[in-house]
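A.B. asks:
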Amino acid sequence: MRAEAQAHVDTINAALALLRRFLNWDVALRRLDELNARVEDQALWNDPKAAQEVMRERRRLDEAVTATRAIENELAGTVELIELAEAEGDQELADEGTASLAELAARADRDKVKALLAGEADGNDTYIEVNAGAGGTESQDWAGMLSRMYSRWAERHGLKVELVDQHSGEQAGIKSATLLLKGENAYGYAKTESGVHRLVRISPYDSAARRHTSFASVWVYPVVDDNIEVEYNESDLRIDTYRASGAGGQHINTTDSAVRITHIPTGIVVQCQNQRSQHKNKAEAYNQLRARLYERELAIREQAANAENATKTDIGWGHQIRSYVLQPYQMVKDLRTGVTSTAPGDVLDGDLDPFMAAALSQRVTGEAVAVEDVD
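Residue numbers (our numbering): 1375 to 1749.
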């Protein structure tokens, strides 16, 4: 088999191996049989909530198993076709088979990522919080660029974007912003973006046209729906109201409509100022608080970096997950997975899928990659 075709076969087999490993294949098949049996039991339907949970798990497992088997069968058939074509010297048929393998490889990657979105909250809407690091206008401009990048990524995926809270920079960009992304698997895709992002460029604010390095942090946490219970004591909360800043009309700027809630035991702080009503801002801030506390619990279970650590991490050297270099060359490099792009303009315009897919896969394999940063 030609090298091009073999490369596609290797890509597909790697995706299949990751899927089987993630699903714990034999266990998944037994669990699917159990769920199918439960669905046939009429007693299940006496409890609508339990039935809904069973159907949700069954649908997820069935889709993943069916997709995996379909790829395996199509791979075997296409490889057999190519080998037969090569044996008979039919180059045109062999080329068609290779093209089919390329399409199958792309589909395997998509199905792999979709299957990896099986976490407890992966299907939920998500908040994305961006904070500028030290450095004044430079970092604030960079934070604004990141906020736009995630908005553009969301639009590419058909997600609805709402601006929950934003504090503008003195000259440009933002000091901080919180976006709410609504749509299927919003949190599952975006959750790997949490961390510090580094930008290297010729500063548009430096009259001497010198290179500057800027940092901004990103934190991603899921919207908590009615199926998830989050417990906290009201006595642990400090609630402050203040006058909203930025655009919003006369009312929003002349009353204490903005709300900030601090969860004292963890130090988690959430705030909202996008509504004219203090009542609505308070309700949204409570939603954010529940989401942050839930993400913290998820991260503790997963022994991953949690919200408390992320918000206390220095936004600077040594903590970044990705570098975006615009000068003296063009490159974006993920420091966890080694994935790179030589088109930073596309990345900043929302082309984040390759980085997210690699980071999701890494969570399954647990394989660390030794990656050098770019200067």
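Glycine included, every Cβ here is placed at the ideal spot set by N, Cα and C.
For clarity, every value in this text was computed on a predicted model and none was experimentally measured.
With DSSP as the reference, label Ser1752 as helix, strand or coil.
C.D. replies: Given a span of 1375 to 1749 for the chain in the structure shown, any question on residue 1752 remains unanswerable.
A.B. asks: Under 6 angstroms Cβ to Cβ from Trp1516, same chain only, skipping five residues before and after it: list those, please.
C.D. replies: The residue labelled residue 1516 in the question sits at position 142 within the sequence shown. Excluding sequence neighbours, Trp1516 sits near Leu1573, Ser1588, Ala1590.
A.B. asks: Give the C-beta separation of Leu1418 and Val1428 to the nearest angstrom, bearing in mind that I take them to be a contact with Cβ-Cβ under 8 angstroms.
C.D. replies: Translated into positions along the sequence shown, residue 1418 becomes position 44. Translated into positions along the sequence shown, residue 1428 becomes position 54. The Cβ separation is near 6 angstroms, so the contact holds.
A.B. asks: Specify whether the region 1391 to 1399 and the region 1482 to 1491 touch according to this definition: at least 3 beta carbon pairs, one from each stretch, less than 8 angstroms apart.
C.D. replies: A contact exists between the region 1391 to 1399 and the region 1482 to 1491.
A.B. asks: Quick check on this structure: which residue in Gln1662, Ser1542, Ala1450, Tyr1561 has the alpha carbon closest to the alpha carbon of Lys1534?
C.D. replies: Stepping through the sequence shown from its first residue, residue 1534 is reached at position 160. The shortest C-alpha separation from Lys1534 is found at Tyr1561.
A.B. asks: Rounded to whole angstroms, what is the Cα-Cα separation between Ser1581 and Gln1545?
C.D. replies: On the sequence shown, position 207 is the one that residue 1581 refers to. On the sequence shown, position 171 is the one that residue 1545 refers to. Distance between the alpha carbons of Ser1581 and Gln1545 is about 15 angstroms.
A.B. asks: Can you tell me which of the three DSSP states Asp1400 falls into?
C.D. replies: Numbered from its first residue, the sequence shown carries residue 1400 at position 26. Residue state, collapsed to three classes: helix.
A.B. asks: On a CA-only basis, which of Leu1458, Ser1577, Asn1387, Leu1491 is nearest Val1738? Give me that one, please.
C.D. replies: In the sequence shown, the residue the question calls residue 1738 occupies position 364. Considering only alpha carbons, the answer is Leu1491.
A.B. asks: Output needed for Ser1736: all residues of its chain with C-beta closer than 7 angstroms, excluding positions within five of it in sequence on either side, in chain order.
C.D. replies: Indexing the sequence shown from 1 puts residue 1736 at position 362. Residue identity check: residue 1736 is Gln in the sequence provided, not Ser. Taken in chain order, the residues that qualify are Arg1710, Thr1711.
A.B. asks: Our contact map puts Ala1379 next to Thr1500 with C-beta atoms below 8 angstroms; I'd like the distance itself, whole angstroms only.
C.D. replies: The count along the sequence shown starts at 1 and reaches residue 1379 at position 5. The count along the sequence shown starts at 1 and reaches residue 1500 at position 126. At roughly 39 angstroms, the Cβ-Cβ gap does not stay under 8 angstroms, so Ala1379 and Thr1500 are not in contact.
A.B. asks: Can you tell me which of the three DSSP states Thr1739 falls into?
C.D. replies: Counted from its first residue, the sequence shown places residue 1739 at position 365. Correct three-state label for Thr1739: helix.
A.B. asks: Helix, strand or coil, according to DSSP, for Arg1575 in the structure here?
C.D. replies: Against the sequence shown, residue 1575 aligns to sequence position 201. DSSP places Arg1575 in strand when its eight states are reduced to three.
A.B. asks: Figure out for me which residue from Ile1674, Val1538, Val1721, Ala1673 has the closest Cα to the Cα of Arg1696.
C.D. replies: In the sequence shown, counting from the first residue as 1, residue 1696 sits at position 322. The candidate whose alpha carbon is nearest that of Arg1696 is Val1721.
A.B. asks: Taking the beta strand (DSSP E) that Leu1537 falls in, what are its first and last residues?
C.D. replies: The count along the sequence shown starts at 1 and reaches residue 1537 at position 163. That run of the beta strand (DSSP E) goes 1534 to 1542.
A.B. asks: Output the distance between the C-alpha atoms of Ala1575 and Leu1409, rounded to the nearest integer angstrom.
C.D. replies: In the sequence shown, counting from the first residue as 1, residue 1575 sits at position 201. In the sequence shown, counting from the first residue as 1, residue 1409 sits at position 35. The question names Ala, yet the displayed sequence has Arg at residue 1575. When rounded, the distance between both Cα atoms is 54 angstroms.
A.B. asks: Val1445 to Arg1481, Cα distance in whole Å?
C.D. replies: Looking up residue 1445 in the sequence shown gives position 71. Looking up residue 1481 in the sequence shown gives position 107. First, the amino acid is wrong: residue 1445 is Ile here, not Val. When rounded, the distance between both Cα atoms is 8 angstroms.
A.B. asks: Kindly indicate the opening and closing residues of the alpha helix (DSSP H) around Leu1555.
C.D. replies: Locating residue 1555 in the sequence shown gives position 181, where the first residue counts as 1. Careful: Leu1555 lies outside any alpha helix (DSSP H), inside the beta strand (DSSP E) at 1548 to 1556.
A.B. asks: Would the region 1662 to 1674 and the region 1630 to 1642 be scored as touching if the rule is three or more Cβ pairs under 8 angstroms?
C.D. replies: With the cut-off at 8 angstroms, the region 1662 to 1674 and the region 1630 to 1642 touch.
A.B. asks: For Ala1583, which option in Ala1476, Ser1513, Ala1468, Gln1701 has the closest C-alpha, if you only look at C-alpha atoms?
C.D. replies: Here residue 1583 is taken as the residue at index 209 of the sequence shown, counted from 1. That would be Gln1701, whose Cα lies nearest to the Cα of Ala1583.
A.B. asks: Within its chain, find whatever has a CB closer than 7 angstroms to the CB of His1586; leave out the 5 residues flanking it on each side and keep chain order.
C.D. replies: For the purposes of this step, residue 1586 is taken as the residue at position 212 of the sequence shown. Around His1586: Glu1512, Arg1575, Ser1577, Asp1580.
A.B. asks: Is DSSP giving His1586 helix, strand or coil here?
C.D. replies: Numbered from 1 along the sequence shown, position 212 holds the residue referred to as residue 1586. In the structure shown, His1586 sits in a strand (DSSP, three-state: E or B).
A.B. asks: Could you spell out the range, first to last residue, of the alpha helix (DSSP H) harbouring Asn1447?
C.D. replies: Counted from its first residue, the sequence shown places residue 1447 at position 73. Per DSSP, Asn1447 belongs to the alpha helix (DSSP H) from 1422 to 1461.
A.B. asks: Please name the residue in Ala1411, Pro1728, Gln1704, Asp1496 whose C-alpha comes closest to that of Val1748.
C.D. replies: In the sequence shown, the residue the question calls residue 1748 occupies position 374. Checked all of Ala1411, Pro1728, Gln1704, Asp1496; the closest Cα to Val1748 is Gln1704.
A.B. asks: Can you check whether the CB of Pro1728 is closer than 8 angstroms to the CB of Tyr1698?
C.D. replies: One-based indexing of the sequence shown puts residue 1698 at position 324. One-based indexing of the sequence shown puts residue 1728 at position 354. No.
A.B. asks: Smallest Cα separation from Leu1611: which of Thr1636, Val1597, Asp1630?
C.D. replies: The residue you call residue 1611 lines up with position 237 of the sequence shown. Of the listed residues, the one whose Cα sits closest to Leu1611 is Thr1636.
A.B. asks: Measure the alpha-carbon distance for Thr1714 versus Asp1708 and round it to whole angstroms.
C.D. replies: Walking along the sequence shown from the start, residue 1714 turns up at place 340. Walking along the sequence shown from the start, residue 1708 turns up at place 334. Roughly 6 angstroms between the two C-alpha positions.
A.B. asks: Please report how far the alpha carbon of Ile1626 lies from the alpha carbon of Lys1656, in whole angstroms.
C.D. replies: Counting from one through the sequence shown, the residue named residue 1626 turns up at place 252. Counting from one through the sequence shown, the residue named residue 1656 turns up at place 282. In this predicted model, Ile1626 has a pLDDT of only 43, less than 50, meaning its place in the structure is not dependable enough to derive any value.
A.B. asks: Which of the three DSSP states, helix, strand or coil, is assigned to Gly1623?
C.D. replies: Within the sequence shown, the letter at position 249 stands for residue 1623. With a pLDDT of 41 at Gly1623, under the threshold of 50, the modelled position of this residue cannot be trusted; read the value that follows with caution. In the structure shown, Gly1623 sits in a helix (DSSP, three-state: H, G or I).
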